[in-house]
Amino acid sequence: MVANLRADAARNRERVLEVARAEVAEGNVSLQLNEIARKAGVGVGTVYRHFPTPHALLEAVVGQELATMVQITEQAFQMADIGEALEFLLRRTLDLQLCTSGGLAEVIAAIEDADERTTHAKSELRRLADLLLERARAANVIRPEITGEDVRNLMAGLERAVELDPGRADVYVSVLIRGLRG
Numbered sequence: 001m002v003a004n005l006r007a008d009a010a011r012n013r014e015r016v017l018e019v020a021r022a023e024v025a026e027g028n029v030s031l032q033l034n035e036i037a038r039k040a041g042v043g044v045g046t047v048y049r050h051f052p053t054p055h056a057l058l059e060a061v062v063g064q065e066l067a068t069m070v071q072i073t074e075q076a077f078q079m080a081d082i083g084e085a086l087e088f089l090l091r092r093t094l095d096l097q098l099c100t101s102g103g104l105a106e107v108i109a110a111i112e113d114a115d116e117r118t119t120h121a122k123s124e125l126r127r128l129a130d131l132l133l134e135r136a137r138a139a140n141v142i143r144p145e146i147t148g149e150d151v152r153n154l155m156a157g158l159e160r161a162v163e164l165d166p167g168r169a170d171v172y173v174s175v176l177i178r179g180l181r182g
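For the sequence shown, full-length UniProt numbering assigns the number 1 to the initial residue and increments by one for each residue that follows.
Encoded structure:
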């Protein structure tokens with residue numbers, strides 16, 4: 001009987017995630033848990049049991065994309081040529097953000113996380129990116145005053161610009177890279 005309940009709970013959790021993914025894909029990242037429960041055909045208590053806050057649900061929705069972003073940053077960090085590594089990181093990160101259903105930027109920018117795995121992934125992402133930028137500064141590949149926060153803010157603006165005109169993505173990334181190099 002417990003096994004049936006566990007399987008049932010897993011199915012309910014997956015239904016909630018499916019509905020939340022659809023909401024995020026439509027641009028709705030401020031998930032309303034009562035509405036999610038209704039659309040998933042489960043009780044609101046079921047949703048709150050798995051995801052106590054809308055942000056916890058959003059973290060679960062974009063968890064794989066966040067893990068992929070960490071992998072991209074790890075790949076860039078392992079590259080010998082720091083200039084190529086920086087360009088790889090910027091281009092692949094932008095591609096990932098544009099290919100995802102949304103919500104990733106909100107989770108990355110959040111001050112508090114609902115899940116310790118999210119906190120760990122974000123910490124690793126920042127650590128690796130900052131180390132990569134330190135290497136780039138030391139090799140005079142980027143201007144000395146450029147910080148990790150600068151690059152994160154510029155990438156957010158770049159993502160928005162590419163959403164408005166996807167055909168210009170390569171141009172925008174090239175302009176950003178030239179600007180970082182000075």
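The C-beta atom is built at its ideal place from N, Cα and C for all residues, glycine as well.
Compare the C-alpha of T46 against each of A9, L57 and V24 and name the closest.
For the residues A9, L57 and V24, the minimum Cα distance to T46 belongs to A9.
Using only alpha-carbon positions, find the residue among G157, R178 and A25 that is nearest to L58.
Of G157, R178 and A25, the smallest CA-CA separation from L58 is found for A25.
Where do the ends of the alpha helix (DSSP H) carrying N34 lie?
Looking at the DSSP string, the run of the alpha helix (DSSP H) that includes N34 is L33 to A40.
Leaving out five residues before and five after residue 256 in sequence, what residues of the same chain have Cβ atoms less than 6 Å from its Cβ?
Because the chain spans 1 through 182 in this model, residue 256 falls outside it and cannot be assessed.
Taking C-beta to C-beta, are residue 183 and V61 nearer than 9 Å?
Because the chain is modelled from 1 through 182, residue 183 falls outside the range shown and cannot be assessed.
Just to confirm, are L86 and V175 a CB contact at a threshold of 9 Å?
Not closer than 9 Å, so no.
Quick check on this structure: which residue in G43, L132 and P54 has the alpha carbon closest to the alpha carbon of A110?
Checked all of G43, L132 and P54; the closest Cα to A110 is P54.
If you draw a straight line from the alpha carbon of A169 to that of T68, how long is it in whole angstroms?
Going by the C-alpha atoms only, they are around 20 Å apart.
Looking at G43 and R15, is the spacing between their C-beta atoms short of 9 Å?
No; because the gap between Cβ atoms is not below 9 Å, this pair is not in contact.
Return helix, strand or coil for R91, following the three-state DSSP convention.
DSSP places R91 in the helix class (H, G or I) of the three-state scheme.
Residue interval of the alpha helix (DSSP H) (run including A129):
Counting along the chain, A129 sits inside the alpha helix (DSSP H) bounded by residues E116 to A138.
If the criterion is Cβ atoms closer than 9 Å, does the pair A56 and A114 meet it?
In contact: A56 and A114 (Cβ atoms closer than 9 Å).
Taking only three categories from DSSP, how would you classify T147?
Of the three classes helix, strand and coil, the one that applies to T147 here is coil, per DSSP.
Would you tell me roughly how many angstroms separate the C-alpha atoms of L96 and Q32, rounded to the nearest one?
Their Cα atoms are separated by approximately 26 Å.
Less than 8 Å between the CB atoms is what I'm expecting for V162 and L104, so what's the real figure, rounded?
L104 and V162 do not touch by the CB rule: their CB atoms are close to 14 Å apart, not below 8 Å.
Ordered list of alpha helix (DSSP H) runs contained in the UniProt domain "HTH tetR-type" (10-69), each at least 4 residues
For the UniProt domain "HTH tetR-type" (10-69), the continuous alpha helix (DSSP H) assignments of 4+ residues that do not extend past its boundaries occur at 33-40 and 44-50, in sequence order.
Excluding five sequence neighbours on each side, which residues of the same chain lie with their C-beta closer than 6 Å to the C-beta of T118?
Cβ within range, chain order: E59.
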